[in-house]
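Structure first, then comments.
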Amino acid sequence: MAAYNCTLFSSPLGLKVEWHCAHLLAPESDNGSMTHNLGNVSLLRNNNELDCILKRRFQTLHSTNSRSSIVLRCFAERATRTPHSGYHFDGSSRRFMEGWYFKVSIPNEKQSFAWMYSVEDPGTSKSHGKFEEVLRGPRFPGVGAQVLGADDEYLWQNDDSVKRFWGSRHELELGHTFEPKSGALAPNSKLDVQDFSKTVEEGFQVTPILHQGFLRDNGRSVNVQTVGSVRWEYTTYPVYGWGNVGAEQKATAGWLAALPVFEPHWQICMAGGLSTGWIEWGDRKFEFVNAPSYSEKNWGGSFPDKWFWVQCNVFEGGLGEIALTAGGGRRGLPFMLGAREEVAMVGVHYDGQFYEFVPWEGTVEWEIAPWGDWKMSAQTKLYEVKLQAETKSPGTVLRAPTADAGLVPFCRDTFNGSLRLQLWKRTQNGALGQVILDVTSDMAALETGGGPWYSTWKKTKRIEDPIRTVMGLHVNVNELFRNAPNLKPPGL
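Numbering follows the numbering used here, with no gaps: position 173 of the sequence shown is 237.
This is the structure in structure tokens:
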């Protein structure tokens, strides 16, 4: 079996990314290896341990052989894997939803695409009657697939059954078949690219490095510009998870996210990556190489009562891979029926380092208009961040899982946001010191959701003791189950 080294890309950060690839001259079970070099971080995995196989074609190879099919294998415990990558459904009949968000931005086209998948009440059948509804509350079993694409156009498809949905218990792998090919059975796990195309007429599958599918709009959206269909296939090299490069990755909402408290939960799965592939959006085709990409997820009883969100991976004025995610919401408190609290956070990845601003480590302030204007600032002992975003776009109304009505129009998004992000070191007396970042973007993703939004939402939040100390504890929940993996809760 012939082998060679091929450089897939050199990122703007100057990170040399090489894969020791196996030319496809033998069965896929043959051994090989791959190496990524990220600055001072070097990761080497042997294919005996690998569980994720992806076929890709390249036009130029470091080989004279005309065959251009390459097998790339991705180790499941990749360095950027975050806690809560898996599917959190525990088999119970309680009200439950889980949602995933995958975004690709194409800077030279000034366009972005985001896929939003949701599964609701997988433990409830359609026979859930009036008695059960009175006893346990309403249920809305089903699977939704939304896509916000070029020029803020929209597509929505849904299925009232969850039988064809599948999700990995501990890995970021999921899929759903809305319609299988004639004579084929819907898959219940990931397939290789070719087998998926042969098996699934309409549906999707996602892994940490592959996203593929075809969807048709169901024609049920009103007052929104839609497209008839979308087909896509792209692969992703993860650059940032949620933490420093090469270090243990963090739970976005802290270690307590492992418990059914402070619902809904939120996890950024990949703060930044580089994606290569294509998207057919209606009658337009977009091809891209090393396009900035992003993924996150939510799970729990429903979305927050009210929230806002800012996300961006495309910046001017800085070098290398820069990623921003910021957001806040009003969520329920555990063991306090009807009680709510308002929290927010900012996370910035730059030059391999993660700058985290959460209310149990410092102060977070926000001033968010019902639509059009987002302002945030936050401080820790060492750093300070400020962001200002605005848009003149009317945005597109999207659906979100709600406690009382299921997946309904409940938020507004746009990819046409103007943003300025500033990050400083702080001096010993708390003043602004060295400038770390001062960058801008005209491709920020912006959102407000829930409500009511009668006026500008203005808040300063700092969590005090004893909750501050509890939330600030360094607890690696995954390590607690290393010697008892069968007891590990779903999703972790």
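Just so you know, even glycine gets a beta-carbon here, dropped at the ideal spot from N, CA and C.
Bridge partners of residue 250 according to DSSP: none are assigned. Look at residue 200 here: in three-state DSSP terms it is helix. In this structure, residue 249 lies away from residue 300, with their beta-carbon atoms at least 8 Å apart.
Assignment of beta-bridge partners to residue 275 by DSSP yields 270, 298. With a threshold of 16 other beta carbon atoms within 10 Å, residue 347 falls short and is exposed. Within its own chain, the residues whose Cβ lies closer than 6 Å to the Cβ of residue 397, once the five positions on either side in sequence are excluded, are 403, 405, listed in chain order.
Bridge pairing for residue 219: 211 [DSSP].
Only residues of its own chain outside the window of five on either side were considered, and among them 177, 213, 214, 217, 291, 294 have a CB closer than 8 Å to the CB of residue 345, listed in chain order.
A distance below 7 Å between beta-carbons, with the five flanking residues on each side excluded, links residue 263 to the following residues of its chain, in chain order: 244, 245, 248, 251, 255.
In this structure, residue 394 lies away from residue 361, with their beta-carbon atoms at least 8 Å apart. Under the three-state reduction of DSSP, residue 527 is assigned to coil, being neither helix nor strand.
For residue 259, there is no enclosing beta strand (DSSP E); the enclosing alpha helix (DSSP H) has its first and last residue at 257-263. For the 8 Å CB-CB criterion, residue 510 and residue 386 do not form a contact. A distance below 8 Å separates the beta carbons of residue 513 and residue 367.
C-alpha of residue 483 to C-alpha of residue 188: approximately 42 Å in a straight line. Separation of the CB atoms of residue 207 and residue 240 is rounded to 5 Å, and the pair is thereby assigned contact status at 8 Å.
Taking residue 455 as reference, the option from 446, 306, 259, 479 with the minimal CA-CA separation is 479.
Taking a C-beta distance under 8 Å as the contact criterion, residue 505 and residue 350 do not qualify as a contact pair. In the same chain as residue 227, and ignoring 5 residues on each side of it, no C-beta atom comes closer than 7 Å to its own. A distance of 8 Å or more separates the beta carbons of residue 304 and residue 444. Between residue 181 and residue 236, the C-beta gap is not smaller than 8 Å, which leaves the two residues out of contact. Secondary structure note for residue 542: its alpha helix (DSSP H) is the uninterrupted segment 541-544.
In this structure, the alpha-carbon of residue 234 lies about 22 Å from that of residue 209. Excluding residues up to 5 positions away in sequence, 340 lie with their Cβ nearer than 7 Å to the Cβ of residue 353 in the same chain.
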